[in-house]
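Taking it in order: structure first as structure tokens, then the write-up.
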Amino acid sequence: TETFVGNSQTERKVGYLRARRIDGGQVVIEWIGTGRKGGKTDVQHGDYFTGYRVDVGGVITDTTNESLTTSISGSPTTIKVYQLNSITGQGPAVEITI
């Protein structure tokens with residue numbers, strides 16, 4: 002008997018995560034998703050990719066965009082971004098502190 006755990010479906014880390022403060026306590030968070038199919042200028046996410054999870058100091062937001070504008074309270078604040086998969090859940094995080 003074997004149990005399928007979907008390790009081949011685990012999403013990769015996002016790339017080029019950055020955050021910048023704008024007016025009024027707002028922060029813009031941007032990243033580039035990492036695909037698993039194709040190559041060169043035609044990279045695509047896998048069949049079970051469902052979006053991104055952004056954790057800003059413990060406040061979780063799920064999105065399909067590669068950016069998020071949100072407010073933060075306090076400094077320093079840790080920001081983590083994960084890619085999501087419908088089979089295996091969230092992949093490994095990339096994090097920065099602002």
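Quick note: the working numbering has the sequence shown finishing at residue 99, numbered continuously throughout. Every residue gets a Cβ at the ideal spot worked out from N, C-alpha and C, and that includes glycine.
Residue range of the beta strand (DSSP E) that includes residue i
{"i": "Tyr49", "result": "Looking at the DSSP string, Tyr49 is not in any beta strand (DSSP E), and its letter there is neither H nor E."}
{"i": "Val105", "result": "Outside the displayed range of the chain (2 to 99) lies residue 105, so it cannot be described from this structure."}
{"i": "Ile97", "result": "Val95 to Thr98"}
{"i": "Ser72", "result": "Ser68 to Ser72"}
{"i": "Gly39", "result": "Lys38 to Gly40"}
{"i": "Val60", "result": "Val60 to Thr64"}
Residue i - partner residues in DSSP beta bridges
{"i": "Asn86", "result": "Phe50 and Gly90"}
{"i": "Arg21", "result": "Val29"}
{"i": "Lys81", "result": "Asp56 and Glu96"}
{"i": "Gly16", "result": "Ile33"}
Short Cβ contact (7 Å threshold) for residue i with residue j
{"i": "Gly34", "j": "Val15", "result": "yes"}
{"i": "Thr49", "j": "Asn86", "result": "Just to set this straight, residue 49 is Tyr in the shown sequence, not Thr. In this structure, Asn86 lies closer than 7 Å to Tyr49 by Cβ."}
{"i": "Ala20", "j": "Ile80", "result": "yes"}
{"i": "Ser68", "j": "Glu31", "result": "yes"}
{"i": "Thr62", "j": "Pro77", "result": "no"}
{"i": "Thr71", "j": "Val57", "result": "yes"}
{"i": "Val28", "j": "Ile73", "result": "yes"}
Assigned exposure category for residue i - 16 Cβ within 10 Å defines buried
{"i": "Glu12", "result": "buried"}
{"i": "Tyr83", "result": "buried"}
{"i": "Val55", "result": "buried"}
{"i": "Asp75", "result": "One point to set straight first is that residue 75 is Gly, not Asp, in the sequence displayed. Flag for Gly75 reads exposed."}
{"i": "Gly26", "result": "exposed"}
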